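Chemist: Following this message is one structure expressed as structure tokens.
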Amino acid sequence: MSQDIIAIDGPAGSGKSTVARAVAQALGWTFLDTGAMYRALTCEALHEGVDVHDQGAMGELAASARITTLPRVSVNGRDVEDEIRTEPVNVAVSVVAANPLVRSSMVARQRELAGAQDVGTVVEGRDISTVVFPNATLKVYLTATLEERSRRRGEEGVESVERRDLADTTREASPLRQASDALLVDTTGRRVEDVVEEIVECLKNITSN
Ligand code: DC
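Its first residue numbered 11, the sequence shown is counted upward by one per residue in the numbering used here.
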């Protein structure tokens, strides 16, 4: 039996992780932060001295990397929970995520992880509704103003968030875009609880029909 999936996409700071985690908790489902997977792989490249621009070498690293995101983010047995949010990783992760060889390994792993659960999964990222789970039970596209998204990202700063937005939306491999059948939710100035309620209500409407 295939499990239910809520796919949540959106730009940096749109509230994906917070909202996805809270929706999963409200439903008793599991949660998958796919950005953390690209970040963990980036940590491994920096740690092992692999050039993130070398597409072949990064593809090999991705194919063999053992990445977990729960309960903590780790790669090849090394805990990188704190390192994944540091500036060197913020900068290099866009290059890593634009590599099609890396993406195919990550996408396969994401499908495997969600498929192995005995409950539904809330999956958040950039290409979840468009590529990873195009048949998700519910697709959501979260957004917010650049000011609010930068504020939420704290130290990362407006320039870094803007640079990542540009890289994520203009890359050739699976760019960030809203799926045509996704529920659009602007989280600017909204409470997490309200956004969660809107998503859970929408899921109920879909599954009761
Ligand atoms: O959501 P985040 O900021 O942790 O994501 C880190 C980077 O990984 C982001 O710049 C885009 C990329 N990413 C991606 O390309 N596809 C995903 N499914 C998730 C993240």
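Glycine included, every Cβ here is placed at the ideal spot set by N, Cα and C. Predicted model only: the values in this text are computed from it and were never measured.
Is the beta carbon of SER139 within less than 7 Å of some heavy atom of the ligand DC?
Modeler: False, no ligand heavy atom lies under 7 Å from that Cβ.
Chemist: Is it the case that the stretch 163-171 contacts the stretch 198-212, given that we only count it when at least three CB pairs across the two stretches are under 8 Å?
Modeler: At 8 Å Cβ cutoff, the stretches do not touch.
Chemist: Does ASP178 pass the burial test, meaning 16 or more other C-beta atoms within 10 Å, or should it be called exposed?
Modeler: So ASP178 ends up on the buried side.
Chemist: With distances taken from CA atoms, which of SER139, ASN219, GLY125, GLU70 is nearest GLN188?
Modeler: Of the listed residues, the one whose Cα sits closest to GLN188 is SER139.
Chemist: How big is the Cα-Cα spacing for VAL129 and ALA34?
Modeler: Using only the alpha carbons, I get a separation of about 10 Å.
Chemist: Would you say ASP178 touches the ligand DC, meaning its beta carbon is less than 7 Å from a heavy atom?
Modeler: ASP178: yes, Cβ under 7 Å from the ligand DC.
Chemist: Based on Cα-Cα distance, which residue from ASN109, SER190, ALA75 lies nearest to GLU58?
Modeler: The shortest C-alpha separation from GLU58 is found at ALA75.
Chemist: Taking just the CA atoms, how far does ALA118 sit from THR155?
Modeler: Roughly 32 Å separates the two Cα atoms.
Chemist: Buried or exposed: where does LEU152 fall if 16 or more other Cβ atoms within 10 Å of its Cβ makes it buried?
Modeler: So LEU152 counts as buried.
Chemist: According to the neighbour-count rule (16 or more other Cβ atoms, all chains shown, within 10 Å of its Cβ), is SER184 buried or exposed?
Modeler: It counts as buried.
Chemist: Does DSSP put THR78 in a helix, in a strand, or in coil?
Modeler: In the structure shown, THR78 sits in a strand (DSSP, three-state: E or B).
Chemist: Verify whether the separation of the beta carbon atoms of PHE143 and ALA17 is less than 8 Å.
Modeler: Yes. Within cutoff.
Chemist: Enumerate in chain order the residues of its own chain whose CB-to-CB distance from VAL168 is below 6 Å, with the five nearest sequence positions on each side excluded.
Modeler: Counting only Cβ-Cβ distances below 6 Å, and skipping sequence neighbours, we find SER160.
Chemist: Flag GLY69 as yes when its Cβ comes closer than 7 Å to any non-hydrogen atom of the ligand DC, and as no otherwise.
Modeler: Not under cutoff, so the answer is no.
Chemist: For CYS53, which residues of its own chain have a beta-carbon under 7 Å away from its beta-carbon, when the five flanking residues on both sides are left out?
Modeler: If we look at CYS53 and ignore the five residues flanking it on each side, its Cβ neighbours are VAL85, VAL90, GLU93, ILE94, VAL99.
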